[in-house]
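**Student:** Residue numbers (this note's numbering), protein chains in the order written: chain G, 1264 to 1780; chain Z, 5 to 309.
We put the CB at the ideal spot given by N, CA and C, even for glycine.
This is the structure I have questions about; it appears just below.
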Amino acid sequence: MTRTNTIVLVVILIVFVFALWAVLPIDAEKLGRKGMHLGLDLVGGVHLVYEAEVTDNATELARSMSRTVITIQKRIDKYGVAEPVIQQLGDDRILIQMPGFTDIDAAKRLVEQTGFLEFREAELNAEGLPVYLKDYLEQTQLKFFDNEEKGDRLFSTSVTTKEGKQEHKTVAILTKDESGTIMFTDASGKPADKEALQEYGDSVAWIPARGDNGTQLTGDFLDDAQPTISQDISPQPEVSIKWNSQGSIIFDQIAKRLYSSTGDYSPKYALGIILDNTMLSAPRINSPKFEGSGVITGNFNRVEAEELANLLKSGALPMPLKQPPLYQEKVSATLGANFIEMSWLAGLIGIVLVMLFMIAYYRLPGVLASLALIFYGALVLALFKLIPVTLTLAGLGGFILSIGMAVDANVLIFERMKEELRMGRTLGAAIEAGFNRAWSAIRDSNVTTIIVCVILFWLGSSIIASAPVMGFALTLGIGVIISMFTAILVTRTLLRLFLHSPLSKNKALFSIDRGKK
Amino acid sequence: MFDIIGKRFWFFLISGIVILVGIISLVSAGLPSGIEFSSGSMLTVKFEEPVEYDRFKEELVSLGYTDAIIQSAGEGQFLIRTHELSDSEKAQLESSLSERFGQVTEAQFSSVSPQVASETVNNAAIAVAISAIGILLYVTWAFRRMPRPFHYGTCAIVALLHDALIAVGMFSILGALMDWEINLMFITGLLAVIGYSVNNTVVVFDRIRENLTKGIGGTFEAVVNNSLVETMSRSVNTSLTTLIVVLALLLFVGATIQNFVVVLIIGIIAGTFSSVCIAPSLLVVWDRGEWGRFIPWRKTSNKKA
């Protein structure tokens, strides 16, 4: 038995050293993201849950959802957020967590933008002149001027913003539904009133720009997009694009059609660049052949050009997301930094007080239980790091709570041991009896906590992936399971070790005189 | 030797009073629910310059946020709780506030749609129900070898309801006094308490079973009391170690998980009390058929074996 005990002790020591190696050093650097995975409430960040606008059937939905997740992932990656979480929740929801990123408005912009880039050209009437909104408003019965083109017409006008910036604004969209009815809507798809559109009569009607085989030129054909600075007299931020092979063919076919070497600027010779139903610019096509490259101009500043390039590279969302998000939360980082220190302090004070209490009450066994507790703490933290478990404030709470509960097994055993000693057994027999008889109580008494942890984890993960609830359930659950073994294995091994030392002769060390009936 | 069982009706009285006070508070003040359950937006704004509460409230009312609940959250910092804000509403609110009170930063913001709120309430109810069923099954299983498993199971469940009721009742009082609201973390704390408190009862009952099978020592009442005394230091010590760490949490971590930690503290105390004083006492009352004594005007009747 002594030999087995020594082997167990060696194993425990090896595990302990390994756990320490995994956890230490506990300095700010290691406890930061490079060490433990810290949850949003500790490092600050943004937590969003979106619902997708569902139009597809079930199989298509599943595919669109996973593509949406990948697209959002790409966008966020390009933004340089460390360890973001982008996950599908349920059938049609997406969870986004961006640790350390606290600008919730920028985060929402980044995610919500559909990122659908398309190219349009002016609709021409029978005389080959551009069609304007007023031409449609004059009609008594709405009818497309260009009968060949069945796609919607987008009417865009130029407005001056409060800051004095020139921008394009989509005033209306003319669409033909399945029954063949043509009607005006606003940019978001709500029906628009014809009377209210009168003042925008000068807006050009833009129709999809298509290649010779009828394919519309969209962002799907992009290979790459980079923010650059234009080479003219007044350098402007812009976005250089590269088409894939199919895209460059379509683009050249369109350029050839729109190019005119003579004449003033007219929408007729321009290619409209439209992102999410809003025109960025409508530059004149100044060459009949581009061979795969192009430039998106617009009234951008450098940041906007960069954002647009990122958006184009990550591609369009397969399905739009409903706004506002179902759930949104922002935690500021300064609040978080404070929490980390405070919760470590709480954990440290908690563990020290529990150890003091155990030593004061149970003496030598208390000291051994304290050693087991240190082992427990190191092992659980190492597991958190290796699994890895994302630590939230509530998760730390669960861990700290589990420290208090972890000694329960030792308390059960020691109380039992004391009784056995009082009944006149030898120390060795009392130790073995204490462990054997207490095991069923230890096992039974942890079952309910584990049941509750499983249910809580489900509750936390079910709707908004609530980090605090999941964190608490996970850390408490892991803690309780590990504590059942460390309390028994470590304490028993250490006690057996002391059994053969002279210390065991001193009964006062085992506080048997205490609590006498 | 302690005579706990002998004082059982005193314990019932104490519990009864605490529960009654809690129920009165629940009926009159209710349990205010946070945005996770009732939807809406919560925004914490921080000003560079100190701003008086009254002026801040006035400004919000004049901006049309008459429904908003405003709490002062430290120097120049306010927590606003209102309906679900759209992006433009939020931007507008913040710009209006900065026009009036100077530079403002948004310390915290969360917003929950009605859809998510109702699903959360739904799932929280399911979680509580499943936990109750799970614990019921567990208790039935844990006491399968008891002479009267149904008695033990029922008493453990009553003790558990007792703890939950006290936790909810006390929280309702605190909620009324300190503007606390229930949220998912409250439910988490409540379930943790339920899981924890039934443990203690199981350990005590386990000892009663052991002593009964050993066949030592007199009446059922005496056996129960003996078992209680034997397990007393375990019950108290375990609760103490747990309370120590939870108090450390309360003192140092505070604010965000405060509600949750307070639920734990109330629950742990109630749970220890119920597993020592209530659940075993109920066993004895049931064994002796003393139910009549709960109704003062009826004499003790129908004695059972």
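So, with DSSP's three-state summary, where would you put residue 148/Z?
**Tutor:** Residue 148/Z: coil per DSSP, three-state reduction.
**Student:** Any beta carbon of chain Z sitting closer than 9 Å to that of residue 1657/G?
**Tutor:** By this cut-off, residue 1657/G is an interface position.
**Student:** With the cut-off set at 9 Å, would you say residue 1487/G and residue 1513/G are in Cβ contact?
**Tutor:** Not closer than 9 Å, so no.
**Student:** What's the call for residue 1419/G, buried or exposed, on a 16-neighbour Cβ count within 10 Å?
**Tutor:** Buried, since its Cβ has 16 or more Cβ neighbours within 10 Å.
**Student:** For the alpha helix (DSSP H) that residue 1487/G lies in, which residues bound it at each end?
**Tutor:** Residue 1487/G -> not in any alpha helix (DSSP H); beta strand (DSSP E) instead, spanning 1485-1492.
**Student:** Using 9 Å as the limit for Cβ to Cβ distance, is residue 1727/G near chain Z?
**Tutor:** It does: the Cβ of residue 1727/G has a partner Cβ on chain Z nearer than 9 Å.
**Student:** In three-state DSSP terms, what is residue 1639/G?
**Tutor:** Helix.
**Student:** Grouping DSSP H, G and I as helix and E and B as strand, with all else coil, what is residue 1779/G?
**Tutor:** In this predicted model, residue 1779/G has a pLDDT of only 41, less than 50, meaning its place in the structure is not dependable enough to derive any value.
**Student:** Tell me which residues share the same chain as residue 173/Z and place their Cβ nearer than 8 Å to its Cβ, disregarding the 5 neighbours each side in the sequence.
**Tutor:** Answer for residue 173/Z: 22, 23, 25, 26, 27, 29, 30, listed in chain order.
**Student:** For residue 1576/G, which three-state DSSP category applies?
**Tutor:** Note: residue 1576/G maps to helix in three-state DSSP.
**Student:** Under 9 Å, Cβ to Cβ, is there at least one residue of chain Z near residue 1540/G?
**Tutor:** No - not a single Cβ of chain Z is within 9 Å of the one on residue 1540/G.
**Student:** Within 10 Å of its beta-carbon, does residue 1284/G have 16 or more other beta-carbons around it, so buried, or fewer, so exposed?
**Tutor:** It is exposed - the Cβ of residue 1284/G has fewer than 16 other Cβ atoms within 10 Å.
**Student:** Identify the contact partners of residue 152/Z in chain G, using a Cβ-Cβ distance below 7 Å as the criterion.
**Tutor:** Correct list: empty, because the minimum Cβ distance to chain G is about 18 Å.
**Student:** Roughly how many angstroms lie between the CA atoms of residue 178/Z and residue 1641/G, to the nearest whole one?
**Tutor:** In a straight line, the C-alpha of residue 178/Z is about 37 Å away from that of residue 1641/G.
**Student:** In chain order, what residues of the same chain have a beta carbon less than 6 Å from the beta carbon of residue 39/Z, not counting five sequence neighbours either side?
**Tutor:** Within the same chain, residue 39/Z has close Cβ partners 46, 116.
**Student:** Where does residue 1708/G land, buried or exposed, given buried means 16+ other C-beta within 10 angstroms?
**Tutor:** Burial call: buried.
**Student:** Less than 9 Å between CB atoms is the rule here; does residue 119/Z satisfy it with respect to chain G?
**Tutor:** Yes, its Cβ sits closer than 9 Å to a Cβ of chain G.
**Student:** I want to see whether chain Z comes within less than 9 Å of residue 1751/G, judged by CB atoms only; does it?
**Tutor:** Cβ-Cβ to chain Z under 9 Å: no for residue 1751/G.
**Student:** Comparing alpha-carbon positions, which option in 186/Z, 227/Z, 61/Z, 219/Z lies nearest residue 41/Z?
**Tutor:** Of 186/Z, 227/Z, 61/Z, 219/Z, the residue nearest in Cα terms is 186/Z.
**Student:** For the region 262-276 of chain Z, enumerate the residues whose C-beta is nearer than 8 Å to any C-beta of chain G, in chain order.
**Tutor:** Going along the region 262-276 of chain Z in chain order, one finds 264, 265, 268 with a Cβ nearer than 8 Å to chain G.
**Student:** What's the C-alpha gap between residue 1295/G and residue 192/Z?
**Tutor:** Only weak support is given to the placement of residue 1295/G: the predicted model assigns it a pLDDT of 43, under 50, and the value that follows is read from those uncertain coordinates. Near 27 Å, if we compare the C-alpha coordinates of residue 192/Z and residue 1295/G.
**Student:** Using a cut-off of 8 Å between C-beta atoms, extract the partners of residue 1593/G located in chain Z.
**Tutor:** Here the neighbours are 110, 112, 113, 114.
**Student:** Would you call the region 1634-1650 of chain G in contact with the region 240-253 of chain Z, where contact means no fewer than 3 C-beta pairs closer than 8 Å?
**Tutor:** No contact exists between the region 1634-1650 of chain G and the region 240-253 of chain Z.
**Student:** Using the beta-carbon of each residue, which ones in chain G are nearer than 8 Å to residue 135/Z?
**Tutor:** Near residue 135/Z (Cβ distances below 8 Å), the residues of chain G are 1714, 1715, 1718.
**Student:** Helix, strand or coil, according to DSSP, for residue 103/Z in the structure here?
**Tutor:** If DSSP states are grouped into helix, strand and coil, residue 103/Z belongs with the helices.
**Student:** Closer than 8 Å is the cut-off here; do at least three beta carbon pairs connect the region 1729-1738 of chain G with the region 1671-1678 of chain G?
**Tutor:** Contact fails: fewer than three Cβ-Cβ distances are below 8 Å.
**Student:** Taking the alpha-carbon of residue 163/Z as reference, which of 206/Z, 8/Z, 86/Z has the nearest alpha-carbon?
**Tutor:** Residue 163/Z has its Cα closest to that of 206/Z, out of 206/Z, 8/Z, 86/Z.
**Student:** Write down every uninterrupted run of the alpha helix (DSSP H) in the region 1678-1740 of chain G whose length is 4 residues or greater and which is fully enclosed by it, in chain order.
**Tutor:** Taking only runs of at least 4 residues, the alpha helix (DSSP H) segments lying wholly in the region 1678-1740 of chain G are 1690-1725.
**Student:** Kindly indicate if chain Z contains any beta-carbon less than 9 Å away from that of residue 1702/G.
**Tutor:** No, its Cβ sits nowhere closer than 9 Å to a Cβ of chain Z.
**Student:** Would residue 131/Z count as contacting chain G if we go by Cβ distances under 9 Å?
**Tutor:** Yes, residue 131/Z lies at the interface with chain G (some Cβ there is under 9 Å from its Cβ).
**Student:** Going along chain G in order, which residues have a C-beta closer than 9 Å to the C-beta of residue 138/Z?
**Tutor:** Those are 1711, 1714, 1715, 1717, 1718, listed as they occur along chain G.
**Student:** What did DSSP end up calling residue 304/Z once you bin it into helix, strand or coil?
**Tutor:** Because residue 304/Z sits at a pLDDT of 44, beneath the cut-off of 50, its placement in the model cannot be relied upon, and the following sentence gives the value as read from the coordinates. Coil.
**Student:** With a threshold of 16 other CB atoms inside 10 Å of the CB of residue 308/Z, please say whether the residue is buried or exposed.
**Tutor:** Interpretation of residue 308/Z is limited by its pLDDT of 39, a score under 50 that renders its predicted location unreliable; the figure taken from the coordinates is listed afterwards. Exposed.
**Student:** If the cut is a Cβ gap below 7 Å, which residues of chain Z does residue 1624/G touch?
**Tutor:** Near residue 1624/G (Cβ distances below 7 Å), the residues of chain Z are 241.
**Student:** What is the DSSP secondary structure of residue 1381/G, reduced to helix, strand or coil?
**Tutor:** Residue 1381/G: strand per DSSP, three-state reduction.
**Student:** Go through its chain and collect everything with a Cβ distance to residue 88/Z's Cβ below 8 Å, but skip five positions before and after it.
**Tutor:** If we look at residue 88/Z and ignore the five residues flanking it on each side, its Cβ neighbours are 43, 44, 45, 115, 116, 117, 118.
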